[in-house]
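Chains as they are written, first to last, in the working numbering: chain E, 144 to 555; chain P, 133 to 388.
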Amino acid sequence: MQLINNLKLIIQNISGFILKHKEWFIIGILLIISGVAHGYNMFHFPYYENDEGTYMSQAWSVITQGKMSHYTYFYDHSPVGWFLIALWTKLTGGFFTFGISVNSGRVLMLVLHLFSTFFLFKIAKKMTGSIYAGIFSVLIFSLSPLGIYFQRRVLLDNIMIFWLLMSLYFIICHRRRLLIVMLSAITFALSVLSKESGIFFLPVMLYLLFIQINKQHRKLGLIFWIIIFGIICSFYPLYALLKGELFPMGSIFDSGGEHVSLIETLLWQATRGGGDTIQYLKQWFYYDKFIIIFGVISTFINLLLGINKKYYRIVALLSLSYILYLIKGGLLIEFYIIGLIPFLSLNIGIFLWFLIDKINKKQLISLFLLVIFLFVLSKKLIDKQEIYISNQVIDQEMALSWIKKIFPMIKW
Amino acid sequence: MVSKKVNIVQSGVQLMNYNSSWFSTFNVLEYFFWFKSALHFFSKLGVTPLGGNTVFIKKKLMKKINGWDDACLTEDADIGIRLSTMGEKVRVIYAEKYVTQEETPDSIKSLIKQRTRWQQGFLQILKKKDWMEYPKIQQKLFAFYILGYPFYQAMLMIYILISLFMMIFVKLSVLTAMISILPFYLILLQYAIQIFGLYEFTNIYKLKFFWRHPIIMIFTFIPYQWILCFASVRAVIREVKGINNWEKTEHIGAHR
């Protein structure tokens, strides 16, 4: 009898503790789901893409050669992304801690993905006041086969999204002190310096700051944000200027000699065409129709709802900014979709909550929906089970060991 | 004084003639930032160098600390420091309607004299070591920072010379060059804050914001700092030499 009473007491204590820290437990569970969905089989699927190798080797060059790249660095991308990779390999004991060097980058992507998951949950929760919106958004973000396929890869876009979500998290979820405004500016600048496409979010960021900071401090906050953002971004052209590589050869400001040029590369990147939109759309649809179709629909509905709800407006605008970037023409690469996935998820999650919020018995409906949701998402993952069982890198690994074998004189 | 249960009230003092000379704009802004913002922070921290007028102190307190120190050039700041080491709270009020409106010195010469006097006064308070009585370590550090400010400003003069020399004659590696540009960025930030302050100032007092001011200030911001540096250097020299006479500031009399 005594024992049973004791047990009861313990259970009560535990459940009391869980209820008290409900949100943290939910976050914990979501992180586990997200981590497993992302991490399981991530060294075997998808195959190593050449960009992944590029960024790993540029990180290697930063550490071992003190240079931006092992080839002539021609400002193809700003370097913050592979600085982060370099830092990561320093912290984790080198490039080969997890096998092939790209694997090390993939572990970093997992870590960043977990952070992104956390930020996304917090943002959705703050915007709606409901944990369900957070749960829905995060589950779509983490369990979409389309997401998993690209989020596993060592790509600058994934790093950009990590910084961007952090920046949004600061201004949306914290009291708007000057320090927070500064942190948001710094992280957004890092996002843009990780991958230039982040700049397309700048108008929404400014608008978000405008409505988030109260009227009394608005001007000062905006001035601070813009200046700090500008200062950090300016280091990139400043570096080029100091190296005499800012202006194109033969231009009036040219310092002479034969060299690459930041401005020249930027112009080239901006006018570069290519990429088969239809082909990519097919590929995206193959992995996940649902997130794209439902996500875009939710975006437009949220935009309408946003007429008198500021956060609905913001999520819709975030998603629309990037859609505009994707359809603006010019170069499109399949993995550019990475920048859209968190915002499509956020739009769906928040729109679903809007529907639930209209009905009585919210708890019950939410839980019911959650079950259906998990069912649908796992169904999709089962359809795309190659994510978890196939080994796409085996040929690449064999090729690598063959090369090692025929060049025994090189110290590997 | 009665309702908030404090024994000391510092009300705002504000220079007004922001448009009468190139340096008056900055001088006005210094008062604006000091009385509208900085003093509030000082009083929250409990380290409050009081201003020269529109200060109200209870008589019993004045008796308790034996009044002003007539040997100190900035006896107002001195009494503020001494009172706040005793744990006295200072209520700072900046209400646009009730600030004491004043004017800037009429010439650069008298501005320098005034600044020299203030800076020397602060150094004197620093030397008197009353601030060592503060109970908390952060209060001590902060008092040391505020009172020693003239000294750092004088050092800045040396820094300016070094940086001018380096700009022209020294070749640095790219990384070092990038780090060494940071002070420039801070100046940029300072400049932007000045413009913002000017906008707020004119807005609050319903004065006209001239768009030429920000443009002029690009060129005058640094020279104004040089003037302050120069005054600080003078103050340090005078203090070291033991010259202690009062160089009176002349005013134009626009707000009498």
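Ideal placement from N, C-alpha and C gives every residue a C-beta, glycine not left out.
These figures come from a predicted structure and were not determined experimentally.
Per DSSP, the unbroken alpha helix (DSSP H) holding Leu255 (chain P) starts and ends at Ile240 to Lys260. Shown in chain order are the members of the segment 381-393 of chain E whose Cβ falls below 9 Å from a Cβ of chain P: Leu381, Tyr382, Leu385 and Lys386. Beta-bridge analysis with DSSP links Arg223 (chain P) to P:Val141. Around Leu320 (chain P), the beta-carbon contacts reaching into chain E at under 8 Å are Ile370 and Ile374. If you check the CB distance, Leu467 (chain E) and Gly416 (chain E) do not come in under 8 Å.
Here the alpha carbon of Asn503 (chain E) sits roughly 11 Å from the alpha carbon of Ser509 (chain E). Residues of the same chain with a CB within less than 6 Å of the CB of Ile189 (chain P), apart from the 5 flanking positions on each side, are Ile140 in chain order. Counting only Cβ-Cβ distances below 7 Å, Val306 (chain P) has contacts in chain E at Tyr382, Leu385 and Lys386, in chain order. Taking C-beta separations shorter than 7 Å and ignoring five residues to either side along the sequence, the partners of Phe254 (chain P) in its chain run Thr206, Ala209, Leu279, Tyr281 and Pro282, following chain order.
Cβ-Cβ separation between Leu483 (chain E) and Tyr465 (chain E): approximately 5 Å, consistent with a contact (criterion under 8 Å). Closest option to Arg318 (chain E), judged by alpha-carbon separation, among E:Leu298, E:Ser310, E:Ile342 and E:Gln355: E:Gln355. Leu288 (chain P) and Ser200 (chain E) have their C-alpha atoms roughly 44 Å apart. For the C-beta of Ile313 (chain P), the chain E residues within less than 8 Å are, from N- to C-terminus, Leu381. Here Arg456 (chain E) is actually not in contact with Leu469 (chain E); their C-beta atoms are around 20 Å apart, not less than 8 Å. 8 Å or more divides the Cβ of Phe165 (chain P) from the Cβ of Tyr226 (chain P). One alpha carbon belongs to Leu385 (chain E), the other to Thr215 (chain E), and they sit about 16 Å apart. For Thr271 (chain E), the uninterrupted alpha helix (DSSP H) run begins and ends at Ser244 to Thr271, by DSSP. Taking 8 Å as the cut-off, the Cβ atoms of Phe241 (chain E) and Val250 (chain E) count as close. Under the three-state reduction of DSSP, Gln146 (chain P) is assigned to strand.
With a 10 Å radius around the Cβ and a threshold of 16 neighbouring Cβ atoms, His164 (chain E) comes out exposed. Under the three-state reduction of DSSP output, Glu234 (chain P) falls in the strand class. For the segment 337-368 of chain E, the residues whose beta carbon sits under 9 Å from a beta carbon of chain P are, in order, Lys362, Leu363, Ile366 and Phe367. In the displayed model, Ile291 (chain E) falls within a helix according to three-state DSSP. In the three-state reduction of the DSSP assignment, Val223 (chain E) falls in the helix class.
Relative to Tyr266 (chain P), the option among P:Asn198, P:Ile336, P:Met218 and P:Ala367 whose CA is nearest is P:Met218. In this structure, the CA atom of Lys268 (chain E) is about 11 Å from the CA atom of Ile170 (chain E). Under the DSSP definition of a beta bridge, Phe367 (chain E) lacks any partner.
Nearest Cα to His256 (chain E) within the set E:Phe279, E:Phe238 and E:Asn301: E:Asn301. Beta-bridge annotation (DSSP): Val187 (chain P) is paired with P:Gln142.
Within chain P, not a single residue places a beta-carbon under 8 Å from that of Phe217 (chain E); the smallest gap is close to 16 Å. By the neighbour-count criterion, in which a residue is buried when 16 or more other Cβ atoms sit within 10 angstroms of its Cβ, Trp343 (chain P) is exposed. Inclusion of Val222 (chain P) and Val138 (chain P) in the CB contact set at 8 Å is warranted, their separation being smaller than that value. Note on Asp419 (chain E): under 16 other CB atoms within 10 angstroms of its CB, so exposed under the neighbour-count rule.
In this structure the segment 299-315 of chain E does not touch the segment 523-543 of chain E; the number of beta carbon pairs closer than 8 Å is below three. In this structure, the beta-carbon distance from Ala202 (chain E) to Thr235 (chain E) does not fall below 8 Å. Residues of chain E whose Cβ lies closer than 9 Å to the Cβ of Met310 (chain P) are, in chain order, Phe378, Leu381, Tyr382 and Leu385.
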